[in-house]
Every structure is written in structure tokens, then in C-alpha cells.
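Residue numbers (the working numbering): 806 to 1181. Each residue gets a CB set at the ideal place from its N, CA and C atoms; glycine is no exception.
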């Protein structure tokens, strides 16, 4: 019984870091799982992913109250999802991380003891030592999994809180600032599963993920390096993807004129703040592309410099304010500590600087309210 790191997404491509950096980033995720394993209800949390759709139905039927989340999510010091006083948020995050680990450890079958503390960390270190002399492509694939974990964790947190409830089969998605499209088209639609089997006298937990497909997706990114990838996605007959290699304003205007169905999901994972130089103008162009109601899920990462990070957090504050002024109830989850931009970049509470989200912005959009609010 050992860790596996298979993937059901062989197309993932990321630049491999040094072995030392690779070990640090990998262990940050495994160490968090080891911390969660100390919860007295850890076995029960694992069971939630044995019938994930049933668990999500329960979450949707009993969503966390917006008032409690607003107080917690916008706290000046940020949220530590492991120690927050809000038990529902604590549990929602724990299960979100377990879901993400189903991808990192895809096809692993481990006993409850192997999933706990010291034994888990020992297995992780054995894996890292064995990977020391493997080719760069191997590390690159695992780094891709760390990026996938971050997207899964962010989305699953919102689902576990009963906020984002629309099933994948009903999503008409608009992915903005999407790079090659991995996070929007692949990572956010990974469904976790834990299967229980018997081996000798042990119960084994098999961790895995499957990919669910949306019926209609539109993705946007201005970087010309993605042109061939976008053309390939549009030609893939198994997908229904429209890919715009255009600036965001031009893409939104084009989408509006093409007559595609209105969007009920808007995503932007680890976005570059330069994508939204004028937030109010962005919302004005976005609103005509929306269905009557839609979900918005944006996240930001560290950026390349403290100045980048400051720009991203400033854009999120502006977006939060504009949505609030329109009569909506955006929620901003801050997964880092306070201080200067440089200090905030190095105070991430979950994950690692290169792949993880520092803030998550969620809002249930109501087109009529946006239209009215933008006129005032």
C-alpha cells in the first residue's frame, strides 16, 4: 500500500521547479492533510466523499448564512480555515482539501493509519526521495496537480458551504483570463471520490477523481501564445468550447453579438489584475452576457512581485465594492495574513506561493440588479 500519483489528465504541462522547491510545495499540501487527520471526525469526513453528489445535495439544502460568512471572510487578519471559530466553515474547508487530495493522490489506496500524521508524512518523504532522479516531466506533472488542487479546493469550498450549487451538467461557463484553459475547463470540474475496500484486516480508502464536462463553455485570454491551443480546443468534437484569444472587453462584446446562450457561471482563477483596468466598465460589458442569475468565482494568486499582489488585492476590493453597491452580497475569502503587500504574499495560510489562491471572491449575480446598479 503506497501513494500513487496517476492522472486522468495527461495533457497538463507545467514548468518543473528545482527538486528542493518541489519537495517544499508538495509537503505543504500533504502536511495540511496530516493536520486534518488529527480531527476526531476525520473518518467521517472521508466518508462524505464516498457519495459526493449526496453530500453536495445536503450542503445545498443547508447553506451557511451569509451574515456569518461575511463577518468571518472579510476579517482584516484573513481566515485560517483550520482554526476559524465557524465550525461549518472549518468542516467545509477540511472536506474541500480532502477532495483536492483525491487528485494529488489519484489512484492511491491507503489505510486510515496511513492517512494520519506521521505515517502519511513518512510515505510522502519516501515518494519525494524516490522522485529525486526522475525526469523533469515527472515533476512538471505533479506541479500541474498542485495547480489543480488549488482550483478544486476553491470551488469545493464554495460547494461545501452551499453557495455554488449548480451542477456541472447545467453550467454555461465563461472563463476569463484563463491561460491555456486548464483551470476553467479541467480543474474546476474534477469530481472527487473515495472508495472503501477491504485488504486483509484493513479498510483501504482509494482516492480518485473523474472529470465532468460542461455542455457549453467560453474561454478568454489575450496572450497570443495560446492561439494554437485555443484553435485545438475549438476543433475538439468532444468539447463544446468557444475560445477567444482577445482582450476581455473585445471578447465580451463579441460573445454578446454571437448569439450563444447567456452565461450562468463566470470564472477567473488566479487572474491578473491588469485584465480589469476599469471594474465598472467590465461589469457593464459582462452583464448583457449573463443569464437572469449566475455565479461568479474569481481568485487571485501571489503575482510575480509585491506590486503585482497589491494590484490584485486592490482590484478585488474594487470589484467587491461595485457588486455591493449594485445590491448584491459578494463574499471575499482572504487566505493570508495582514501587513504590507510583501508580508501578505509570504503569509499564505493554505498551499504555496507558486500555485495557490490568496483570495477567493464569490458572488451570486442577479442581472437585473447589476443593470440597475450600473445606471446609478
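Per DSSP, what kind of secondary structure is residue i in: helix, strand or coil?
i            : result
residue 1134 : coil
residue 1153 : strand
residue 1010 : strand
residue 1161 : coil
residue 869  : coil
residue 806  : Residue confidence for residue 806 is low, a pLDDT of 44 falling below 50, so the modelled location carries little weight; the figure read from the coordinates is stated next. Three-state result, residue 806: coil.
residue 817  : Note that residue 817 scores 48 on pLDDT, short of 50, meaning its location in the model is unreliable; the coordinates nonetheless yield the value given after this. Of the three classes helix, strand and coil, the one that applies to residue 817 here is coil, per DSSP.
residue 833  : helix
residue 884  : coil
residue 812  : A caution first: residue 812 carries a pLDDT of 42, below 50, which makes its placement in the model unreliable, though a value can still be read off. The answer is coil: DSSP assigns residue 812 none of H, G, I, E or B.
residue 951  : helix
residue 926  : helix
Looking only at DSSP bridge pairs, what is residue i linked to?
i            : result
residue 978  : 1022, 1070
residue 1100 : 1070, 1169
residue 1049 : 1025
residue 996  : 1015
residue 1002 : 1009
residue 911  : Paired residue(s): none; residue 911 is not in a bridge.
residue 1139 : 1164
Between the alpha carbons of residue i and residue j, how many angstroms are there, rounded?
i            : j            : result
residue 963  : residue 1141 : 18 Å
residue 1057 : residue 879  : 30 Å
residue 1024 : residue 916  : 40 Å
residue 1030 : residue 854  : 38 Å
residue 1041 : residue 888  : 44 Å
residue 1033 : residue 1050 : 10 Å
residue 1039 : residue 1065 : 15 Å
residue 1077 : residue 973  : 26 Å
residue 942  : residue 998  : 26 Å
residue 1180 : residue 876  : 29 Å
residue 1012 : residue 911  : 6 Å
How about residue i and residue j: do their beta carbons lie closer than 7 Å?
i            : j            : result
residue 1021 : residue 977  : yes
residue 1085 : residue 1055 : no
residue 988  : residue 905  : no
residue 1095 : residue 1172 : yes
residue 1157 : residue 830  : yes
residue 920  : residue 842  : yes
residue 1120 : residue 1165 : no
residue 908  : residue 995  : yes
Evaluate contact between the segment 1132-1140 and the segment 1065-1077, counting only Cβ atoms and requiring at least three cross-stretch pairs below 8 Å. Judged by pairs of C-beta atoms under 8 Å, the segment 1132-1140 does not touch the segment 1065-1077, as fewer than three such pairs exist.
Three or more C-beta pairs closer than 8 Å, one from the segment 819-831 and one from the segment 938-953: is that the case here? By the Cβ test, the segment 819-831 is in contact with the segment 938-953, since at least three Cβ pairs between them sit closer than 8 Å.
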